[in-house]
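S.K.: Just so you know, the protein sequences line up as chains F and P, in that order.
Take the first sequence: its position 5, counting from 1, is numbered 5 in UniProt numbering, and each next residue is one higher.
Take the second sequence: its position 183, counting from 1, is numbered 183 in UniProt numbering, and each next residue is one higher.
Protein chains: 2
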Amino acid sequence: MSQDIPVTGYAILGLLTFGDELTGYEVKQRADITLRFYWVAPAMSQIYTELRRLTDHELVAARARHDGGREVTTYAITDAGQAALRAWMDHTPAGFPVLKHTVLLRLLIGHVTAPDETRRMLHEYVDELARAREDLTGVREMLRGADEPGEPFRFPSLVADWGLDYFAAETRHAQRALESLATHGPGDGDGETSGEGTDSPA
Amino acid sequence: MSQDIPVTGYAILGLLTFGDELTGYEVKQRADITLRFYWVAPAMSQIYTELRRLTDHELVAARARHDGGREVTTYAITDAGQAALRAWMDHTPAGFPVLKHTVLLRLLIGHVTAPDETRRMLHEYVDELARAREDLTGVREMLRGADEPGEPFRFPSLVADWGLDYFAAETRHAQRALESLATHGPGDGDGETSGEGTDSPA
DNA sequence: GCTAGCATGTAACTCGTTACATGATTGT
DNA sequence: ACAATCATGTAACGAGTTACATGCTAGC
């Protein structure tokens with residue numbers, strides 16, 4: 001029944017399972033600190049579109065509130081919404097994650113540009129990874145105190161830890177690539193060519 | 001000049017920098033073994049659309065051939081295409097990779113379903129990762145013999161190694177999550193709760 | 001008085017997908 | 001002969017983006 005909800009719709013529905021009743025604006029804020037790391041940070045307009053669709057399907061209930069004199073609409077998940085979310089979790093395959101890795105895409109065709117350019121790109125990526133780790137660490141800290149089994153932020157904490165490990169791993173991979181590129185920089189051609197690119201890390 | 005080419009267009013352009021002149025069909029095959037792991041595996045129709053656009057911009061040259069009696073069109077990158085690709089590499093930021101991680105998305109809201117369901121999902125993910133590693137290992141083997149600095153598959157090899165490490169890391173992360181979930185399975189509540197979720201892997 | 005943040009939407013557009021349609025060639 | 005693979009496209013559609021438009025409230 002009603003299979004026509006995009007994944008982002010379920011993601012938003014999921015954000016509404018953590019207790020509170022949120023405005024579209026607040027949903028966006030939550031998405032920006034959680035979803036953005038391993039799903040997407042949907043545009044505001046997309047949030048409202050999705051909330052509209054979920055309301056039409058009666059998976060969320062919209063309620064008009066008065067915050068001061070201003071009209072705001074808050075959204076809460078309904079019982080039907082809980083059921084639909086669970087059905088989606090249990091009966092549709094998760095599928096394999098999709099990586100749109102712009103850095104790896106460019107590294108793949110590194111031969112079309114100067115080595116320095118590629119190294120610069122990798123260094124920038126390492127810097128951005130550091131920033132991402134800081135941000136996610138901040139989020140992780142916010143979850144402390146309610147991250148034990150049975151507590152509300154148990155799963156978000158699991159995911160945040162996974163994400164932090166992922167960023168750490170990416171940093172290592174980028175650094176390894178940089179090392180591999182550094183041994184053949186400008187005015188540098190010899191040294192042992194046999195034993196540094198095949199660490200066999202598995 | 002002519003900034004209106006989507007990233008997938010540049011990706012295809014990049015595939016054409018490895019020497020040969022390819023048909024749309026062959027581009028698709030190349031994309032399926034390389035791009036699919038860290039970018040996308042574009043649909044055939046998308047490949048043709050993109051080749052059409054690149055031809056219009058004169059970044060690739062289409063040539064009608066006769067393979068037997070059948071008309072086939074092969075595409076080769078032009079000098080302008082080389083220049084455009086290099087300009088894109090050097091003057092547009094790579095940006096941060098986007099992860100559409102369906103497994104993590106579902107893990108985030110693990111509290112809406114049964115623990116067994118979440119564990120099943122993670123086990124399936126581990127299985128799929130194993131298959132992906134096999135596939136990518138096969139690709140990696142094909143690159144051997146031309147993966148030294150200066151050789152054509154140097155960068156693709158770097159990327160394949162990165163990808164293999166990434167899959168290995170994901171497998172570890174999934175297994176860690178499984179362990180963390182297993183300690184509180186049905187009819188199982190003790191064991192040490194203090195020293196297994198905070199390995200601090202950095 | 002002004003700016004920044006809160007709050008909600010519409011319109012145009014692009015990328016990319018699935019479904020459909022066609023036909024030739026090669027191997028069994 | 002028949003199926004699988006090679007090869008090329010069109011059409012409809014969907015998800016998500018940017019740009020635009022509006023207005024309120026709180027703090028400086």
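Every residue gets a Cβ at the ideal spot worked out from N, C-alpha and C, and that includes glycine.
List the residues of chain P that T17 (chain F) touches, going by C-beta distances under 8 angstroms, in chain order.
M.R.: The contacting residues are I109, H111 and V112.
S.K.: Can you have a look at H123 (chain P) and say buried or exposed, based on whether 16 or more other CB atoms are within 10 angstroms of its CB?
M.R.: exposed
S.K.: Alpha carbon to alpha carbon, what distance is there between V27 (chain P) and Y48 (chain P)?
M.R.: 9 angstroms
S.K.: Measure the Cβ-Cβ separation of residue 222 (chain F) and R154 (chain F) and say whether it is below 7 angstroms.
M.R.: Limits of chain F in this structure are 1 at one end and 202 at the other, which puts residue 222 (chain F) out of reach.
S.K.: Listed in chain order, which residues of the UniProt domain "Transcription regulator PadR N-terminal" (12–86) of chain F have Cβ atoms closer than 9 angstroms to some Cβ of chain P?
M.R.: L13, G14, L15, T17, F18, T34, L35, F37, Y38, W39, V40, Q82, L85 and R86
S.K.: Going along the chain, which residues of its own chain have a beta-carbon closer than 6 angstroms to the beta-carbon of S2 (chain P), five neighbours each way excluded?
M.R.: Interpretation of S2 (chain P) is limited by its pLDDT of 48, a score under 50 that renders its predicted location unreliable; the figure taken from the coordinates is listed afterwards. For S2 (chain P), the CB contacts under 6 angstroms within the same chain, skipping 5 residues up- and downstream, are H57 in chain order.
S.K.: Give the list of continuous beta strand (DSSP E) stretches no shorter than 3 residues that lie fully inside the UniProt domain "Transcription regulator PadR N-terminal" (12–86) of chain P.
M.R.: 60–67 and 70–77
S.K.: Just checking: is the beta-carbon of P6 (chain F) within a distance shorter than 7 angstroms of some beta-carbon in chain P?
M.R.: Answer no: the Cβ-Cβ gap between P6 (chain F) and chain P never drops below 7 angstroms.
S.K.: Hey, is F96 (chain P)'s beta-carbon within less than 7 angstroms of any beta-carbon in chain F?
M.R.: So, interface residue.
S.K.: Residues of chain F with a CB under 8 angstroms from the CB of E179 (chain P): which are they?
M.R.: Result: empty, since nearest Cβ-Cβ is about 11 angstroms, beyond 8 angstroms.
S.K.: May I have the straight-line CA-CA distance separating R131 (chain F) from Y166 (chain F), to the nearest angstrom?
M.R.: 14 angstroms
S.K.: Between the Cα of W39 (chain F) and those of P:P149, P:L99 and P:I109, spot the shortest distance and give me the residue it belongs to.
M.R.: P:L99
S.K.: At a Cβ threshold of 7 angstroms, is V103 (chain F) touching chain P?
M.R.: yes
S.K.: G9 (chain F) CB to nearest chain P CB: under 7 angstroms?
M.R.: no
S.K.: Alpha carbon to alpha carbon, how far is A174 (chain P) from Y10 (chain P)?
M.R.: 33 angstroms
S.K.: Cα separation between L143 (chain P) and D90 (chain F)?
M.R.: 40 angstroms
S.K.: Considering V159 (chain F), what are the terminal residues of the alpha helix (DSSP H) in which it resides?
M.R.: R154 to A182
S.K.: Between which two residues does the alpha helix (DSSP H) holding V98 (chain P) run?
M.R.: V98 (chain P) -> not in any alpha helix (DSSP H); beta strand (DSSP E) instead, spanning V98 to K100.
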